[in-house]
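J.:
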Amino acid sequence: MYGLFYFTRLCAEESPSSWKTNYSWLYFLGSHDSFSYWVDEKSPVGPDQATAIKRLARISLVKKIMKKWSVTQNLTFKEQLEGGIRYFDLRVSSKPGEIGQEIYFIHGLFGIKVWDGLMEINTFLEQHPKEVIFLDFNHFYAMDDSHHFFLINRIRSAFGSKLCCVECVEYVTLQYMWEKKHQVLIFYHYPLYREFPFLWPGNKMPAPWANTTNVHKLLQFLETTLEERSRYGTFHVSQAILTPRVKTIARHLVRGLKNTLVHRNLPMILNWVKAQKPGVMGVNIITSDFVELVDFAATVIALNDLLLEEDDSSRLCGSEWNTKYRLSAAACLFLVACLTKLCTHLQHTVLSACQQEAGL
């Protein structure tokens, strides 16, 4: 519960300096495939899967195995929000053959309706008006433009005036969001974003993917992509996730993702997270599988506090420097006045001497 009221807490601070810190400098915790806490093994296999998988899934046991490898989170949206998650990684799809344009979350198997998830998130935001979230719609399946218009209207209906319209990333601070009463930034990786001012283009939220089962390669990849982030002027997602290969799944069919890759590697990933710093050259958003397994939220918030303390210190140093500068300027003026008087005195002395010499 450490992350529940983080921004609310900042709002209550006496010094508003932290409110002006750019969002792309702060450190946010996110979840990978955020909606996958509930996928339905009784539903059809999703259009995000290969034809061969769809054929195999006619065997009921195959879907049970798919679920073990598709679920990346145990917590609901509400529970994730209460645990400090503020970035949500979302993949959506229509159900081929279903009448209407309803959109569902998907990761191999279908999850809940997107509308139900948005309502759950909005309830939290209504209760905590100083909290701000990122919703990243980055994968779309079996959707034409009419499906997209349907989904976009759902998003607008769910959040209304809470939606933050597209701005320069540098402008987005806590102070800006609170003054505008905005709480939601939507990133939409589809060309229709251009028609809606509240949809941020996907390229403002890059999320490089290591695509490896090796934790050492993952951490090296995260380091490399962080070194490159400052040149783009965007938000940035560090995906601290390991991705199973086909042979990984084949060797550990019934163990599932959590028991095969996540449990044993999370401590090393957490150590890497603890060594990071937020800021223009640092981590911005970090996503993980099964976010409840280690206390990511406490680590992330502690790093933000460190950034804000450094920011306050730099402002204080700047203030002290300005005071010294003003004192130096006053001293200079005093010195100039003294020199002026000295020069005047010398002029009179020289002139008097010349007059005396001329009189001789």
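The opening residue of the sequence shown carries number 735 in our numbering; numbering runs sequentially from there.
Ideal Cβ placement from N, Cα and C applies to all residues, glycine included.
As the structure is a prediction and not an experimental result, all values here were calculated from the model.
#1: Suppose the cutoff is 8 Å on Cβ atoms and the five residues either side in sequence are ignored; what does the same chain contact list for E904 look like?
#2: Less than 8 Å between the CB atoms is what I'm expecting for L991 and W849, so what's the real figure, rounded?
#3: Could you check what DSSP says for N1038 in three-state terms: helix, strand or coil?
#4: Let's see if you can read the secondary structure: which residues bound the alpha helix (DSSP H) around S891?
#5: Considering only C-alpha positions, which residue in the set F762, L790, S794 is nearest to D774?
#6: Taking buried to mean at least 16 other C-beta atoms within 10 Å of its own C-beta, is K915 buried or exposed?
#7: Give the range of the beta strand (DSSP E) segment to which W912 is assigned.
#8: Measuring CA to CA, which of D767, F858, N1018 is closest to E1115?
#9: Have a look at L953 and A944 and give me their C-alpha separation to the nearest angstrom.
#10: Please report the straight-line C-alpha distance between G1016 and A984, rounded to a whole angstrom.
#11: Which partner residues of S972 appear in the DSSP bridge assignment?
#12: Should V711 and Y771 be called a contact, given that it needs their Cβ atoms to be closer than 9 Å?
#13: Could you tell me whether the segment 923-936 touches the segment 877-889, where touching means 3 or more Cβ pairs closer than 8 Å?
#14: Answer with buried or exposed for E957, where buried requires no fewer than 16 other C-beta atoms within 10 angstroms of its C-beta.
#15: Tell me, please, whether the segment 987-1001 touches the segment 782-790 by the rule of three or more beta-carbon pairs shorter than 8 Å.
#16: Restricting to Cα atoms, I'd like to know which of E813, R965, F871 is closest to V1014.
#17: Less than 9 Å between the C-beta atoms of C902 and F932, yes or no?
#18: So which of T946, Q973, F769, L1027 has the shortest CA-CA distance to V980?
#19: Is any heavy atom of the ligand NAD found at a distance shorter than 8 Å from the C-beta of R985?
#20: So the alpha helix (DSSP H) K938 belongs to, where does it begin and stop?
#21: Please report the residue range of the alpha helix (DSSP H) in which H997 lies.
#22: With DSSP run on the structure shown, which of helix, strand or coil describes V1084?
#23: Just to confirm my understanding: we take L760, look at its own chain, exclude 5 residues before and 5 after, and list those with CB closer than 8 Å. What are they?
#24: Once you ignore the five residues that flank I846 on each side, which residues in its own chain have a CB closer than 8 Å to its CB?
#25: Kindly indicate which three-state DSSP category L760 falls into: helix, strand or coil?
T.: If we stick to the structure as given:
#1: The count along the sequence shown starts at 1 and reaches residue 904 at position 170. If we look at E904 and ignore the five residues flanking it on each side, its Cβ neighbours are N756, S758, G967.
#2: In the sequence shown, the residue the question calls residue 991 occupies position 257. In the sequence shown, the residue the question calls residue 849 occupies position 115. Not a contact, Cβ separation roughly 27 Å.
#3: Position 304 of the sequence shown, counting from 1, holds the residue named residue 1038. DSSP places N1038 in helix when its eight states are reduced to three.
#4: As a working mapping, residue 891 is identified with position 157 in the sequence shown. Looking at the DSSP string, the run of the alpha helix (DSSP H) that includes S891 is 879-893.
#5: Here residue 774 refers to the residue found at position 40 of the sequence shown. Out of F762, L790, S794, S794 has the C-alpha closest to the C-alpha of D774.
#6: Stepping through the sequence shown from its first residue, residue 915 is reached at position 181. Per the 10 Å Cβ criterion, exposed.
#7: Working through the sequence shown from its first residue, we reach residue 912 at position 178. Run containing W912: none in the beta strand (DSSP E); it sits in the alpha helix (DSSP H), 908-914.
#8: Lying before the first or after the last residue shown, residue 1115 is absent from the chain, which here runs from 735 to 1094.
#9: One-based indexing of the sequence shown puts residue 953 at position 219. One-based indexing of the sequence shown puts residue 944 at position 210. Rounded to the nearest angstrom, the two C-alpha atoms are 9 Å apart.
#10: Residue 1016 sits at position 282 when you count from the first residue of the sequence shown. Residue 984 sits at position 250 when you count from the first residue of the sequence shown. Taking the straight line from one Cα to the other gives about 37 Å.
#11: Counting from 1 along the sequence shown, the entry for residue 972 is found at position 238. Note: S972 sits in a beta bridge opposite I1020.
#12: Nothing in the structure corresponds to residue 711, since the chain is present only between 735 and 1094.
#13: yes
#14: For this step, residue 957 is matched to residue 223 along the sequence shown. It is exposed - the Cβ of E957 has fewer than 16 other Cβ atoms within 10 Å.
#15: no
#16: As a position in the sequence shown, residue 1014 is number 280, starting the count at 1. The residue with the shortest Cα to Cα distance from V1014 is R965.
#17: On the sequence shown, residue 902 is found 168 positions in, with the first residue counted as 1. On the sequence shown, residue 932 is found 198 positions in, with the first residue counted as 1. Result no, Cβ atoms of C902 and F932 do not sit closer than 9 Å.
#18: The count along the sequence shown starts at 1 and reaches residue 980 at position 246. Nearest option by C-alpha distance: T946.
#19: Judged by which ligands are present, the structure shown has none, so any question about the ligand NAD falls away.
#20: In the sequence shown, residue 938 corresponds to position 204, counting from 1. No alpha helix (DSSP H) contains K938, which DSSP labels as neither H nor E.
#21: Numbered from 1 along the sequence shown, position 263 holds the residue referred to as residue 997. Unbroken alpha helix (DSSP H) run through H997: 997-1008.
#22: As a first step, residue 1084 must be located in the sequence shown, where it is residue number 350. With a pLDDT of 44 at V1084, under the threshold of 50, the modelled position of this residue cannot be trusted; read the value that follows with caution. The answer is helix: DSSP assigns V1084 an H, G or I state.
#23: Within the sequence shown, numbered from 1, the residue matching residue 760 stands at position 26. Cβ neighbours of L760 beyond the five flanking positions: P1012, N1018, N1038, L1041.
#24: Taking the sequence shown and counting its residues from 1, the one referred to as residue 846 is at position 112. Answer for I846: F769, W772, Y838, F839, listed in chain order.
#25: Counted from its first residue, the sequence shown places residue 760 at position 26. It is coil, neither helix nor strand.
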